[in-house]
DNA sequence: AGTTTGGGTGAACGATTGTTCACTCAAAGT
DNA sequence: ACTTTGAGTGAACAATCGTTCACCCAAACT
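Chains as they are written, first to last, in full-length UniProt numbering: chain A, 1 to 210; chain B, 1 to 210.
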C-alpha cells in the first residue's frame, strides 16, 4: 500500500498544523518559530516552506480551521433547538452545555482563538475579529426568528448579539482556564448560565427606542 | 544642578518601562526581547539587569503600574457618583464616559492588559486575572450599596459584576481597536452604552432564587 | 581624604533565528 | 521508457538572542 503524492503532502500539512496547535497551547504565534514547528513535526526547517509562506500564513490557516469547527458547533446549537419550542431558559442551558462540550473537545482551537484574537499578528487578529463579527450577525438573525422580538429594532438585536457573544467568548476563556479543576469548571458553567439568564431577563423586558 | 543617585536610577527605570510600553503596543511580552528594550532606551543590554531580572519581571512591574492607573480611574467613577443620586442610566452614561476617556489617556496601559491577559507569560496572566477579579469584587460591593438590590443574593451580585466587567473589558478592547476612526469610536461607545443598559434592565427585573 | 557602592559599559560566548541555495529521488505525466 | 515535478534534505549565511564577565567612574559613605 503506497501513498499518493497529494496524500503525503496533506499528511505533513496536517502534522504541521497539529504541531503548531500543540505548541500554541502555551505560547503565542508571535513567539512561535518556524524551527520549533519543523522540529516538532520531524522535518527539516526548509521543508516548512513547501506548505506555508510564513508563520503568519500558518496562523491564517489555523484561523480557518478553528472557525470551521466553531461553525460546526453553532450548527449543533441551532439543531438542538429546532423541533419543539422549549422555554428561553432551556435554550440557555442547552447552548451553554454544547459550547462547554465543544471547548473541551476542541481545546487547542479555542485556546488559539482566545490568544491570537488579541496578541496575534495584525492580519490574524483582523481575520478572527471578522469571523466573530460574522457570528454576531448570525446570532442576530437567529434571535430575530424567535418569538417575542417584535419590539426590537434590528440595531438593538445586533447590540444584544454582541453582548451575548462577548459573554460566550469570556465563558470559553474561563472554561479553558478551569480545565483540570473540576470544582472550578462547574462554577464557571453555572456562572455563565446565570449571566446569560440575566441578559435574557433584560432582553425580555427591553423596548427599543422609538 | 546635579542628579542624585536614586533619581538617576528611577529615571532610567521609567525609561525602560516607557520603552517597553511603546514596543508592546504592537507586539506581546512573549515576543519582546531584552535587547529591543535596551536599544530603545539607549542603554547597553546588560544595563537592563540593574533594574529587572527578566522580561517577565518587567511585565509584572507593568501589571502593577497599569492597574494602579486603572484603580485611579475607578476612583473617578465612584467619585462622580457620590453626592446626589442620579438615575441608573445616568450612572451608565457617566461611567462609560470616564472609562472611554481613560482608555484614551492610558492607551498603552490598556493595550498591555488586553494583550497579556491572554497571551502573556503564565505569571503575568495570573496577576492580571487576579487584579480583574479584585475589580469584580469591588464592583459587587459597590452594587450592594445601591438601592434596589435587596432581592439580590451576594452570589448573584458577584455574577452580575462579572458580566459587567466582561462587557467593560470588551468595550475597552473595542475602543483601542477603533482609535483613529472617529465614526467607529462613537459607535463603540454607543454600543457599550446600550449593552450596559440592557444588563441593567435585566438586573432591575431580577429576583435571586430562594 | 579615602573607601565603598552601584549604574552603566563593552567584549565575548554559544544558541537560535529566518532564509538562500543546490541537492536527491520517487511519484506523476508523457 | 523517458522526462518532469515537487516534497523533503542538508549545508551555510548573517542576525539576533540571553547571559557572563571584567571594567569604569562618579555619587555616597566613613
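Note that CB positions come from ideal geometry on N, CA and C, so glycine has one too.
Proximal residues of chain B, C-beta to C-beta of residue i below 7 Å
i                     : result
residue 59 of chain A : Here the premise fails: no neighbours, minimum Cβ distance about 13 Å.
Contact check, residue i vs residue j, beta carbons under 8 Å
i                      : j                      : result
residue 3 of chain A   : residue 108 of chain A : no
residue 203 of chain A : residue 171 of chain A : no
residue 127 of chain B : residue 119 of chain A : no
residue 165 of chain B : residue 136 of chain B : yes
residue 41 of chain B  : residue 72 of chain B  : no
residue 195 of chain B : residue 163 of chain A : yes
residue 21 of chain A  : residue 92 of chain A  : no
residue 149 of chain A : residue 157 of chain A : yes
residue 188 of chain B : residue 175 of chain B : yes
residue 32 of chain B  : residue 65 of chain B  : no
residue 80 of chain A  : residue 98 of chain A  : yes
residue 28 of chain A  : residue 95 of chain B  : no
residue 30 of chain A  : residue 122 of chain A : no
residue 206 of chain A : residue 198 of chain B : yes
residue 48 of chain B  : residue 34 of chain B  : yes
residue 125 of chain A : residue 117 of chain A : yes
residue 173 of chain A : residue 114 of chain A : yes
residue 103 of chain A : residue 110 of chain A : yes
residue 208 of chain B : residue 161 of chain B : no
Cβ of residue i within 8 Å of any chain B Cβ
i                      : result
residue 180 of chain A : no
residue 135 of chain A : no
residue 20 of chain A  : no
residue 15 of chain A  : no
residue 100 of chain A : no
7 Å Cβ cut-off: residues of chain A touching residue i
i                      : result
residue 163 of chain B : 167, 195, 198
Neighbouring residues, chain B, relative to residue i (Cβ below 9 Å)
i                      : result
residue 206 of chain A : 197, 198, 201, 202
residue 66 of chain A  : What residue 66 of chain A touches in chain B: nothing, since even the nearest Cβ is about 15 Å away.
residue 30 of chain A  : 27, 28, 30, 31, 119
CB contact below 8 Å: residue i versus chain A
i                      : result
residue 172 of chain B : no
residue 191 of chain B : yes
residue 10 of chain B  : no
Please confirm if the segment 12-25 of chain A is in contact with the segment 58-65 of chain A, defined as three or more CB-CB distances below 8 Å between the two stretches. yes
Within 7 Å of chain B by C-beta, residues of the segment 102-115 of chain A in sequence order: 114, 115
Pair every Cβ in the segment 39-57 of chain B with every Cβ in the segment 141-157 of chain B, then say whether three or more of these pairs are closer than 8 Å. no
What are the residues of the segment 144-163 of chain A that lie near chain B, defined by any Cβ-Cβ distance shorter than 8 Å? 156, 159, 160, 162, 163
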